[in-house]
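Everything below concerns the one structure shown next.
Protein chains: 2
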Amino acid sequence: MAVDLELTPKRKRAAGERCCEPIVYPDVEREHAERMAQVAKALGDPIRLALVDVLRRHAGKVCVCELVPLFDVSQPTLSHHLSKLRAAGIVDSERRGLWAYYYVRPGALHELSEWLR
Amino acid sequence: MAVDLELTPKRKRAAGERCCEPIVYPDVEREHAERMAQVAKALGDPIRLALVDVLRRHAGKVCVCELVPLFDVSQPTLSHHLSKLRAAGIVDSERRGLWAYYYVRPGALHELSEWLR
DNA sequence: GCTCCAGATCCACGGCCATCGATATAAGAT
DNA sequence: ATCTTATATCGATGGCCGTGGATCTGGAGC
Numbered sequence: 001m002a003v004d005l006e007l008t009p010k011r012k013r014a015a016g017e018r019c020c021e022p023i024v025y026p027d028v029e030r031e032h033a034e035r036m037a038q039v040a041k042a043l044g045d046p047i048r049l050a051l052v053d054v055l056r057r058h059a060g061k062v063c064v065c066e067l068v069p070l071f072d073v074s075q076p077t078l079s080h081h082l083s084k085l086r087a088a089g090i091v092d093s094e095r096r097g098l099w100a101y102y103y104v105r106p107g108a109l110h111e112l113s114e115w116l117r
Numbered sequence: 118m119a120v121d122l123e124l125t126p127k128r129k130r131a132a133g134e135r136c137c138e139p140i141v142y143p144d145v146e147r148e149h150a151e152r153m154a155q156v157a158k159a160l161g162d163p164i165r166l167a168l169v170d171v172l173r174r175h176a177g178k179v180c181v182c183e184l185v186p187l188f189d190v191s192q193p194t195l196s197h198h199l200s201k202l203r204a205a206g207i208v209d210s211e212r213r214g215l216w217a218y219y220y221v222r223p224g225a226l227h228e229l230s231e232w233l234r
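Protein sequences, first through last, are from chains A and B. Here the first sequence is numbered in my numbering, starting from 1 and rising by one per residue. Here the second sequence is numbered in my numbering, starting from 118 and rising by one per residue.
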């Protein structure tokens, strides 16, 4: 029997064939899922997670020079982690003279937090 | 409270010289942070996050044959993602005949969820 | 001008990741 | 026993990640 190229087994199943029960589609939209996955990915490193923990527990902004000695990684590596957190929208920074102060952006974790609940 | 962080020379130095304000140590212990980071990392992929969303919204166990057509990845790739989620302790599976049924392990997301809150 | 210093950026390396095709496994179905 | 089906595993590939040393940036102070 010739293979129907239009209807792959995948498409056939999606179209109606079900082996078990009605399909449950994801409730999260793609953009929603991608945003949350981005945040989760940024938290998916023990150093970054602990970093966020420190920043969250400290009311106000924390100087990088305080953060570096807390973790056994080099200063460039820590800077890289902070940069990743900022790229994910979790933290932001403010420069004052020589120093840079980081803080958790308010509400940055809210979406993921609510979904997880 | 701080912590199972041993006082490396680096950290001892940090304890003495402060450029800005008193140091705030991470509240999460290392194991705690690593467990949560592992969960977050597993959720750090849009497909896996949506996968968990489907499983969570579906009361009961979902057959893999239902999951595959929901995502535009090959069956081996989806199997790989499910395997990652299982390795992170987020989901578990049960085999019945030819089919495999996946479900979210109760409480698997609780720790991260509480920390995020 | 010049020198320090905090922090960011660049570069390279080793390793892990997401992906898919092919194949293996294992359980019906015939 | 043989064929078919659902899922897992294997092998390979291209790319991204975490890391640290070296370097750059630019503000502070001389």
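Cβ atoms here follow ideal geometry from the backbone N, Cα and C, with glycine treated the same way. Keep in mind it's a predicted model, so treat the numbers as computed, not measured.
| Where does the unbroken beta strand (DSSP E) through A100(A) begin, and where does it stop? | As a working mapping, residue 100(A) is identified with position 100 in the first sequence. From DSSP, the beta strand (DSSP E) with A100(A) extends over W99 to V104.
| task | Please check if any C-beta of chain B sits within less than 8 Å of the C-beta of K84(A). | result | Counting from one through the first sequence, the residue named residue 84(A) turns up at place 84. No, K84(A) lies away from the interface with chain B (no Cβ there is under 8 Å from its Cβ).
| task | Give a yes or no on whether 8 Å exceeds the smallest Cβ distance from P163(B) to chain A. | result | Walking along the second sequence from the start, residue 163(B) turns up at place 46. Interface with chain A (8 Å Cβ-Cβ cutoff): P163(B) is included.
| request: Would you mind telling me which residues of chain B sit closer than 7 Å to E124(A), beta carbon to beta carbon, in chain order? | output: Residue 124(A) cannot be examined here, being either before or after the span of chain A that is shown, 1 to 117.
| said: 8 Å is my cut-off, CB to CB: does R234(B) come that close to chain A? | reply: In the second sequence, counting from the first residue as 1, residue 234(B) sits at position 117. Output row for R234(B): interface = yes.
| query | S196(B) and L116(A): beta carbons closer than 8 Å? | reply | If you number the second sequence from 1, residue 196(B) lands on position 79. If you number the first sequence from 1, residue 116(A) lands on position 116. No. Outside cutoff.
| said: Let me see if you follow: with CB-CB separation under 8 Å, is L195(B) close to chain A or not? | reply: Mapped onto the second sequence, residue 195(B) falls at position 78. No, L195(B) does not count as interfacial toward chain A.
| Under a Cβ-count criterion, where at least 16 other Cβ atoms within 10 Å of its own Cβ denotes burial, should Q155(B) be classed as buried or exposed? | Start at 1 with the first residue of the second sequence, and residue 155(B) comes out as number 38. Buried is the call here.
| message | Below 8 Å on C-beta distance, what does S113(A) contact in chain B? | response | On the first sequence, residue 113(A) is found 113 positions in, with the first residue counted as 1. Those within 8 Å of S113(A) in chain B are S230, L233 and R234.
| request: Measure from the C-beta of R222(B) to each C-beta in chain A and report whether the shortest distance is under 8 Å. | output: Here the question's residue 222(B) lines up with position 105 in the second sequence. Judged by the 8 Å Cβ criterion, R222(B) is not in contact with chain A.
| said: Going residue by residue through the stretch 164 to 223 of chain B, where are the continuous alpha helix (DSSP H) segments of at least 4 residues, counting only ones entirely within it? | reply: Taking only runs of at least 4 residues, the alpha helix (DSSP H) segments lying wholly in the stretch 164 to 223 of chain B are 181 to 184 and 192 to 204.
| task | Using a Cβ-Cβ cut-off of 8 Å, state whether R147(B) counts as contacting chain A. | result | Within the second sequence, numbered from 1, the residue matching residue 147(B) stands at position 30. Yes, because at least one Cβ of chain A sits closer than 8 Å to the Cβ of R147(B).
| query | CB-CB under 7 Å to A108(A), same chain, minus the five flanking residues each way: which ones, in chain order? | reply | In the first sequence, the residue the question calls residue 108(A) occupies position 108. G89 and I90.
| Hey, how far is the Cα of E161(B) from the Cα of G44(A)? | Translated into positions along the second sequence, residue 161(B) becomes position 44. Translated into positions along the first sequence, residue 44(A) becomes position 44. Residue 161(B) is actually Gly in this sequence, not Glu. The alpha-carbon separation between G161(B) and G44(A) amounts to approximately 7 Å.
| task | Return yes when the Cβ of V179(B) is within less than 8 Å of the Cβ of Y218(B), no when it is not. | result | The count along the second sequence starts at 1 and reaches residue 218(B) at position 101. The count along the second sequence starts at 1 and reaches residue 179(B) at position 62. Going by C-beta atoms, Y218(B) is nearer than 8 Å to V179(B).
| task | For A157(B), decide whether its Cβ has a neighbour in chain A, counting only Cβ atoms nearer than 8 Å. | result | Locating residue 157(B) in the second sequence gives position 40, where the first residue counts as 1. Taking Cβ atoms only, chain A reaches closer than 8 Å to A157(B), which makes this a yes.
| Does any CB atom of chain B fall closer than 8 Å to the CB of A87(A)? | Walking along the first sequence from the start, residue 87(A) turns up at place 87. Cβ-Cβ to chain B under 8 Å: no for A87(A).
| In this structure, does DSSP put L233(B) in helix, strand or coil? | As a first step, residue 233(B) must be located in the second sequence, where it is residue number 116. If DSSP states are grouped into helix, strand and coil, L233(B) belongs with the helices.
| query | How long is the line joining the alpha carbons of H149(B) and K158(B), rounded to whole angstroms? | reply | By 1-based counting over the second sequence, the position of residue 149(B) is 32. By 1-based counting over the second sequence, the position of residue 158(B) is 41. Answer to the nearest angstrom: the Cα atoms are 14 Å apart.
| Does the distance from the CB of W99(A) to the CB of V64(A) come in under 8 Å? | Here residue 99(A) refers to the residue found at position 99 when the first sequence is read from its first residue. Here residue 64(A) refers to the residue found at position 64 when the first sequence is read from its first residue. Yes, the pair counts as a contact, with Cβ atoms nearer than the cut-off.
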